[in-house]
Amino acid sequence: MSKLSAIKGYLSESEASQYLSKALDESVSLGQIYELCLEGHLTVSAKFIKKAFAVRKHDASASLDTTPAGNCDDDVKVLDGIWDLAMIGDELQDIRHRYQEESHQTYPVCEFVRGLHFKRDNEVYKVRDVLKFAHSDANKARLNEILSSQGYTEEDLYERSLAYQVFESLTDNEIDEVLSLSAALESDDGFDKDDEVVQLETPVHQLVFRVSELDRLIHYLNSNKSSDSKEVKPLTAKEKNSYLILINAMLKDMGFDPSTRGIASSLVKMTELCGTALSENTIRKILGEINDIKS
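Counting from 1, position 158 in the sequence shown corresponds to residue 157 in numbering that gives the first Met the number 0; the numbering is continuous, with no gaps.
The following block contains the structure:
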């Protein structure tokens, strides 16, 4: 990873593939990365190239968006910088389509809610493509005052091709104030004939992966690999015979003959004194196997 990427704290899709491949010492394709995202093992993020406008969902865990207008706050928030994909709406379907294109395999259809959703600090926001401004003299006067300071008019804001340009010219405080004058709606069904509507362009963003999230996945996979390597494997026949030969040699050195009748009870007492008691049946079985390899 370059020093610049370390400072940024995120990697593009192709960079993430290379980063994981190098760290895990195996080839990791984009298809595999998308599959990890779909299965919830890896969080994918979005770096906004153009600001998005969204409202916070009241019930982020809802599986179906049955109340599109009432299920969200009225206050509109500006999304910029890096946000995680919530993976409950259209963004989930986008990753699913990317996986199918990269892997040439189908992925089960996922239940999803309408619209783009992003999350940060456990709060989910739904992107809006329209803003409504209630028609009142006070709202109109204040809105025109803010817009005119940047050389724009209210009509420019309602022109879809200019709306984003207008917002880009405003300061953060001015944007907040403009948004405070608006209420987000889901569809034209909720518009009053006297309300003014701003049509917003689809937000532009780039899919990225946080370096910290990639490192978390790498640590998790390496930890599982270490645990697997520590699993006790069954002895091979050759290994088992080697242990039996060694036990036979040690018994003979102590003056015991494995074939002697009644020796098992004596060995039971020895194991008890060592604090690792074995049953007489277990010892008889071991002695029998020793005698088998001697014959």
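The C-beta atom is built at its ideal place from N, Cα and C for all residues, glycine as well.
### Message
For Asp175 and Lys76, what's the separation of their Cα atoms in angstroms?
### Response
8 Å
### Whole-angstrom distance between Asp83 and Val177, CA atom to CA atom
Cα to Cα, Val177 sits roughly 26 Å from Asp83.
### Query
How big is the Cα-Cα spacing for Val203 and Ala15?
For Val203 and Ala15, the distance between alpha carbons rounds to 20 Å.
### Task
Could you tell me the distance, in whole angstroms, from the CA atom of Lys192 to the CA atom of Thr170?
Residue confidence is low: Lys192 scores 46 on pLDDT, short of 50, so the model does not pin down where it sits. No coordinate-derived value is stated.
### Message
Can you find the residues in the same chain that come closer than 6 Å, C-beta to C-beta, to Glu200, ignoring five residues on each side of it along the sequence?
### Response
Here Glu200 has Tyr163 as same chain residues with Cβ atoms under 6 Å from its own Cβ, once five neighbours each way along the sequence are excluded.
### Three or more C-beta pairs below 8 Å linking the region 145-160 and the region 118-126
no
### Query
When you compare only the Cα positions, how much space is there between Asn143 and Phe47?
28 Å
### Query
Going along the chain, which unbroken runs of the alpha helix (DSSP H) with 4 or more residues stay wholly within the region 259-287?
262-272
### Query
According to DSSP, is Gln104 helix, strand or coil?
coil
### Message
Going by DSSP in three states, His40 sits in which element: helix, strand or coil?
### Response
Of the three classes helix, strand and coil, the one that applies to His40 here is coil, per DSSP.
### Message
Checking 7 Å against the spacing of the C-beta atoms, do Ile94 and Val112 come in under that value?
### Response
no
### Query
Measuring CA to CA, which of Gln104, Leu266, Ala276 is closest to Met249?
Leu266
### Message
Rounded to the nearest angstrom, what separates Leu243 and Ile285 at their Cα positions?
### Response
The alpha-carbon atoms of Leu243 and Ile285 are separated by roughly 8 Å.
### Query
In three-state terms, what does DSSP make of Arg127?
coil
### Task
Determine, using beta carbons only, whether Tyr33 and Arg97 come nearer to each other than 7 Å.
yes
### Cα-Cα separation between Arg55 and Asn223, rounded to whole angstroms
Arg55 and Asn223 have their C-alpha atoms spaced approximately 37 Å apart.
### Query
Is the beta carbon of Tyr18 sitting closer than 7 Å to the one on Leu10?
Leu10 sits close to Tyr18, with the two beta carbons spaced by under 7 Å.
### Query
Any idea if Val123 is buried or exposed, counting beta-carbon neighbours within 10 angstroms, 16 or more meaning buried?
buried
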